[in-house]
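What follows is one structure encoded as C-alpha cells, with my remarks underneath.
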Ligand SMILES: [Zn+2]
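In my numbering, the protein residues as written are 363 to 552.
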C-alpha cells in the first residue's frame with residue numbers, strides 16, 4: 363500500500379475521518395531515528411533530524427491498522443500506553459520556521475513534525491512486533507514448558523501463549539520474563 367502525504371487542512375481532516383480519530387485504537391509501536399550520529403572515528407555528524415514511524419491498531423476495519431511516517435519531528439511527548447479515545451490532527455504554521463507543522467494528538471501523547479505520511483497497514487494486527495523487539499537486557503534463563511504443538515507456558519507465572527513467530531527467544535506476555543522457546547527450530551536442532 364502506497365503512502366499518502368498530508369499537506370493541507372483538508373488532507374488532515376480526511377485522514378482523521380478515515381481513522382475515526384483512532385477511537386478504540388492503540389499506539390502499538392513507535393520507532394524513532396536521528397539522522398545525526400557519531401562516526402566510528404568519534405567525529406560528530408550533525409545532521410540533526412528525527413524521523414518516526416508509528417503503528418496504530420484500531421478495533422474498526424478499513425483501515426484496522428495504519429502506519430504513520432513523521433519526518434522532521436519537532437516535538438514529541440508520550441504520557442501512557444492506554445487506548446486512544448479521540449485523536450486530533452492539526453496543520454498550523456510554525457512561528458519560528460514559517461512553514462506548515464503537522465500535529466497529531468493521541469490523548470496520551472502527541473507529536474509535531476514538518477512532513478507527514480500514512481498508509482494502511484491492516485495486515486499488521488496482532489501481537490507480532492514489526493519495527494524490532496524491545497527485549498529485557500539479560501539472556502533468558504528459562505526454557506518455557508511445551509503445552510501442545512503450538513502453545514508454551516511460563517513457569518514463573520503460568521501464563522500460556524502461542525508464539526506466532528518461531529523465534530528462539532520469547533518474552534512472557536504477562537510477567538515479561540525472557541524465555542527460550544522449545545518449539546523454535548533452533549532449539550530442536552540443539
Ligand atoms: Zn510469565
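C-beta atoms are modelled at their ideal positions from N, C-alpha and C, and glycine is treated no differently.
Predicted model only: the values in this text are computed from it and were never measured.
Residue 413 beta carbon less than 7 Å from that of residue 398: No, these two residues do not count as a Cβ contact at 7 Å.
May I ask you to check if the CB of residue 408 is nearer than 6 Å to at least one heavy atom of ligand 1? Because no heavy atom of ligand 1 lies under 6 Å away, the Cβ of residue 408 does not count as near it: no.
For residue 381, the nearest candidate out of 364, 502, 444 and 480 (CA to CA): Checking every option, the nearest Cα to that of residue 381 belongs to 480.
What is the DSSP secondary structure of residue 376, counted as helix, strand or coil? Residue state, collapsed to three classes: helix.
Check the DSSP bridge columns for residue 413 and list the partner residues they point to. Under DSSP, residue 413 shares a beta bridge with 395.
Anticipated Cβ contact below 8 Å, residue 484 with residue 541, distance rounded: A Cβ-Cβ distance of about 30 Å is found for the pair residue 484 and residue 541, leaving them out of contact under the 8 Å criterion.
By DSSP, does residue 402 sit in helix, in strand, or in coil? Looking at residue 402 - three-state DSSP - the assignment turns out to be coil, as it is neither helix nor strand.
Could you pull the DSSP bridge partners for residue 363 from this structure? Residue 363 is not bridged to any residue.
How should residue 425 be labelled, buried or exposed, when 16 other C-beta atoms within 10 angstroms of its C-beta is the threshold for buried? Around the beta carbon of residue 425, 16 or more other beta carbons sit within 10 angstroms, so the residue counts as buried.
Return helix, strand or coil for residue 371, following the three-state DSSP convention. Helix at residue 371.
Roughly how many angstroms lie between the CA atoms of residue 452 and residue 443, to the nearest whole one? Straight-line Cα distance between these residues: approximately 22 Å.
Please go through the same chain and pick out, in chain order, the residues whose beta-carbon is closer than 6 Å to the beta-carbon of residue 383, but skip the five residues on each side of it. By the criterion of a C-beta distance shorter than 6 Å, residue 383 is surrounded in its chain by 448 and 449, once the five residues flanking it on both sides are discounted.
Using only the heavy atoms of ligand 1, determine whether one of them is closer than 6 Å to the beta carbon of residue 533. Not so, every heavy atom of ligand 1 lies at least 6 Å from the Cβ.
Counting beta carbon pairs with one atom in the region 367-375 and one in the region 386-395, are three or more of them shorter than 8 Å? Here the region 386-395 makes no contact with the region 367-375; the two share fewer than three CB pairs at distances below 8 Å.
Output the distance between the C-alpha atoms of residue 417 and residue 427, rounded to the nearest integer angstrom. So the alpha carbons of these two residues sit roughly 7 Å apart.
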